[in-house]
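**Q**
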Amino acid sequence: GENVEQHPSTLSVQEGDSAVIKCTYSDSASNYFPWYKQELGKRPQLIIDIRSNVGEKKDQRIAVTLNKTAKHFSLHITETQPEDSAVYFCAAASGGSYIPTFGRGTSLIVHP
Amino acid sequence: KAGVTQTPRYLIKTRGQQVTLSCSPISGHRSVSWYQQTPGQGLQFLFEYFSETQRNKGNFPGRFSGRQFSNSRSEMNVSTLELGDSALYLCASTRDFQNTEAFFGQGTRLTVV
């Protein structure tokens, strides 16, 4: 089955800095890569996703890149703000199962 | 449009007991997945139901089971509870079996004592 590794487990940055979270996946059939944000005590919510036919996608201060050859995908957050503090989960899903396999999460802390 | 609703929000059970958790998906969504969330382990997939059929199952013991009703509402049951079953149980619904956004419920916090 699919295996998703996510790094780092904790990321601490100053407000205004950029943050990068990296994930790798094992199943070459995976073609859908969503990212979820979970604020303390709240449910995970989709913030951005990318499909395997696209190398990069941006939405305001967040962007995701995908390298299918290396089976890497990353989340980039620019100009971080304290409200970006949360746990971020990457995931990978294949056309076969459609069930996303999640990474273990990255706790992002943005210091004012 | 109402979101995904999970009940109850909190449960405290004793080892050896069984528990049933409920999930009502977004109206029109036919796929419901269940996840166990524990600190440091992320979101571990339990099982997924589509049109009352279990389509996928994760690597959990047989004590964990589920079902889906004709109105797409789903329940999961854990029998013979162990201390290690203490976790946040999340369900997520998607419109169909395509790779589209999964909407999560608030979760049920289960504590086994």
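Chains as they are written, first to last, in my numbering: chain H, 6 to 117; chain C, 24 to 136.
Ideal Cβ positions, reconstructed from N, Cα and C, are used throughout, including at glycine.
1) For residue 31(C), which of 135(C), 97(C), 130(C) has the nearest alpha-carbon?
2) Taking a cut of 7 Å between CB atoms, which residues from the region 62-82 of chain C lie near chain H?
3) Mind pulling the beta strand (DSSP E) runs of 3 or more residues that sit fully within the region 54-109 of chain C?
4) Give me the Cα-Cα distance between residue 87(H) and residue 23(H), rounded to the nearest whole angstrom.
5) Report back the beta-carbon spacing between residue 61(C) and residue 110(C) to the nearest angstrom; my notes put them in contact at under 8 Å.
6) Report the option in 93(C), 67(C), 41(C) whose CA atom is closest to the CA atom of residue 50(C).
7) Using a Cβ-Cβ cut-off of 8 Å (strictly less than) and excluding sequence neighbours within five positions of residue 105(H), which residues of its own chain qualify?
8) With a cut-off of 8 Å, does the C-beta of residue 39(C) fall near any C-beta of chain H?
9) Who are the near neighbours of residue 77(C) in its chain, counting only those whose CB is closer than 6 Å to its CB and skipping five residues on each side?
10) Have a look at residue 106(C) and residue 32(H) and give me their C-alpha separation to the nearest angstrom.
11) Quick check on residue 87(H): does DSSP put it in helix, strand or coil?
**A** A quick look at the data gives this:
1) Position 8 of the second sequence, counting from 1, holds the residue named residue 31(C). For the residues 135(C), 97(C), 130(C), the minimum Cα distance to residue 31(C) belongs to 130(C).
2) 63, 64, 65, 66, 68, 71, 79
3) 54-61, 65-73, 76-80, 87-91, 97-101
4) Here residue 87(H) corresponds to residue number 82 of the first sequence, with the count starting at 1. Here residue 23(H) corresponds to residue number 18 of the first sequence, with the count starting at 1. One C-alpha to the other measures close to 12 Å.
5) If you number the second sequence from 1, residue 61(C) lands on position 38. If you number the second sequence from 1, residue 110(C) lands on position 87. With a Cβ gap of about 5 Å, residue 61(C) and residue 110(C) count as contacting.
6) Counting from 1 along the second sequence, the entry for residue 50(C) is found at position 27. The option with the nearest alpha carbon to residue 50(C) is 93(C).
7) To locate residue 105(H), count along the first sequence from 1; it is residue 100. Cβ neighbours of residue 105(H) beyond the five flanking positions: 37, 39, 96, 97, 98.
8) Working through the second sequence from its first residue, we reach residue 39(C) at position 16. By this cut-off, residue 39(C) is not an interface position.
9) For this step, residue 77(C) is matched to residue 54 along the second sequence. Around residue 77(C): 70.
10) As a working mapping, residue 106(C) is identified with position 83 in the second sequence. As a working mapping, residue 32(H) is identified with position 27 in the first sequence. The straight-line gap from Cα to Cα measures roughly 33 Å.
11) Stepping through the first sequence from its first residue, residue 87(H) is reached at position 82. In this structure, residue 87(H) counts as helix in the three-state DSSP scheme.
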